[in-house]
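In what follows, a single structure is set out as structure tokens and then discussed.
In our numbering, the protein residues as written are 5 to 159.
Here you go:
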């Protein structure tokens with residue numbers, strides 16, 4: 005007997021709103037977000053902010069930004085191109101979904117527990133960004149968590 009709750013009826017069986025469609029859509033958004041990291045320093049004003057720090061701090065900041073962007077891009081590509089394989093219930097697909105659910109769940113947690121509200125309160129653009137990212141990380145985490153539950157049931 006399967007101990008996991010039934011997911012039947014939670015999402016449609018086909019189309020964009022189906023789990024596979026949502027996984028592909030999340031993948032496309034993450035690919036876009038990864039590419040957006042190339043523009044992010046100028047958007048948030050890092051060149052001016054980092055001008056006064058040591059060369060090591062500046063280079064580490066940009067290197068971390070690059071690798072976060074690359075991770076977003078590659079994680080997204082995985083979901084975009086291999087959604088059926090991830091959902092098939094194989095040990096590898098299930099492990100990859102578990103890793104993504106944990107990773108994006110941690111990112112969701114950081115949006116609320118780590119980033120200070122002083123960063124966005126009183127600034128309409130930053131408040132909009134915070135709300136948009138809160139919704140984004142909730143959606144991404146939920147899709148990977150539901151995909152993981154589906155894969156566990158399928159396996």
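For glycine and all other residues, C-beta sits at the position ideal for the given N, C-alpha and C.
Boundaries of the alpha helix (DSSP H) in which residue i is found, first to last residue
i	result
residue 97	95-117
residue 53	50-54
Buried or exposed (CB count within 10 angstroms, at least 16 for buried), residue i
i	result
residue 98	buried
residue 63	exposed
residue 122	exposed
residue 96	exposed
residue 76	buried
residue 144	buried
residue 68	exposed
residue 79	buried
residue 48	exposed
residue 87	buried
residue 36	exposed
residue 34	buried
residue 57	exposed
residue 31	buried
Backbone secondary structure at residue i - three-state DSSP
i	result
residue 77	helix
residue 64	helix
residue 143	helix
residue 148	helix
residue 138	helix
residue 41	coil
residue 127	coil
residue 57	coil
residue 159	coil
residue 32	helix
residue 21	coil
residue 92	coil
Residue nearest to residue i in terms of C-alpha spacing, selected from the options
i	options	result
residue 101	112, 111, 89	89
residue 28	155, 157, 158, 151	151
residue 157	91, 68, 144	91
residue 24	82, 134, 138	82
residue 73	119, 44, 55	44
residue 140	57, 50, 113	113
residue 120	128, 134, 129, 107	134
Cβ-Cβ separation, residue j to residue i (assumed contact under 8 Å), whole Å
i	j	result
residue 148	residue 105	4 Å
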